[in-house]
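Residue numbers (our numbering): 595 to 893. Glycine included, each C-beta is placed from N, C-alpha and C at the ideal position. Remarks on the structure that follows.
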Ligand code: HMG
Ligand code: MG
């Protein structure tokens, strides 16, 4: 018998992961409309933007403007921040859900946040404590949980160790990522089965980049492991600028289509999701090639 939940939560990462790697600056107004339309499509949890260095990631330079306009009481509006500087900017922006991010791989962290894993955790642990004291929702994004573009295969024990550090630091959610889209479904099943066994009091989310088109298979394997929360990106946009070879996240529309066809409720309206993609599409430097989008626009 398949182990399938009745309901799945989709965390839309398009406005952040989806756009951060876009070559041409997407106008702030367009980003705001994109976010608003995604919410109208039923996406209630979303990464809006990230408070990172505009020198490192110019596309996210308008984080404060986006946040000022896009907060609402009905959604979980998440913003990313990598360090104390980012957290101070978050406090000024008045939002109440933050994602911190660290990779399991030290080499990746040196490229992505200019710090070793250990130094980054030393900076983040008191920040997480402080955020929890202020009643923030805290999500920890664990990059390179399966493979690293610089170090290759990452041992499951290493990923579990970093996850445990974050859980002990008090985060509410772990979003565990296949940054470069190299995990195979048996690896996804193995890691997420262990995570669901070991961490029963925390939200567990899977984040698959779809570089080798294994995103849907990995999501299916993770469902079997008891996961019912997935990060996805409208149009399959995305990728980390410091993870060479990574492509976009698994497309929200393909995931929603697959889940709904299996009788799993996502609460998302696919027609409205297509409208959201049409807002941002003319501003992108790439084609949208998700299966659902291609069929929808042909018909
Ligand atoms: P750094 O250059 O080492 O920073 O960058 P620094 O502390 O030495 O400061 C240098 C300058 O940057 C200073 O300004 C700081 O004020 C400024 P200056 O005095 O030269 O004018 N600065 C900042 N400005 C704005 N916001 C900040 C900030 N921090 C310092 N938060 C830093 C270190 C972490 C800032 C940089 O490496 C950075 O911004 N990295 C972010 C990279 C990134 O956004 N990657 C993508 C997100 S992660 C991801 O996509 C993976 C995920 O999807 C999961 C997966 O798929 O794996 C989550
Ligand atoms: Mg990502």
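DSSP, reduced to helix, strand and coil, places residue 701 within a helical segment of the structure shown.
Counting C-beta pairs with one atom in each stretch, the stretch 702-716 and the stretch 836-843 have three or more that are closer than 8 Å, which means they touch.
For residue 755, there is no enclosing beta strand (DSSP E); the residue is found in the alpha helix (DSSP H) stretching over 750-763. No Cβ-Cβ contact shorter than 8 Å links residue 854 with residue 867. Distances between the C-beta of residue 843 and the heavy atoms of the ligand MG include at least one below 7 Å.
Considering only 864, 641 and 716, the residue with the shortest C-alpha distance to residue 889 is 864.
The stretch 640-674 contains, as complete beta strand (DSSP E) runs of 3+ residues, the segments 670-674 (chain order). Its Cα nearest to that of residue 695, the residue 610 stands out among 670, 610 and 817.
Comparing C-alpha distances from residue 809 to each of 795, 787 and 782 shows the shortest one belongs to 782. Here residue 780 is not near residue 804, since their CB atoms are 8 Å or more apart.
For a cut-off of 8 Å, the C-beta gap from residue 616 to residue 878 is around 6 Å, short enough to register as a contact. In the three-state scheme derived from DSSP, where H, G and I count as helix and E and B as strand, residue 618 is classed as coil. Collapsing the DSSP output to three states places residue 767 in a strand. Taking residue 765 as reference, the option from 773, 713, 730 and 857 with the minimal CA-CA separation is 730. Out of 806, 813 and 760, the CA that lies nearest to the CA of residue 795 is found in 760.
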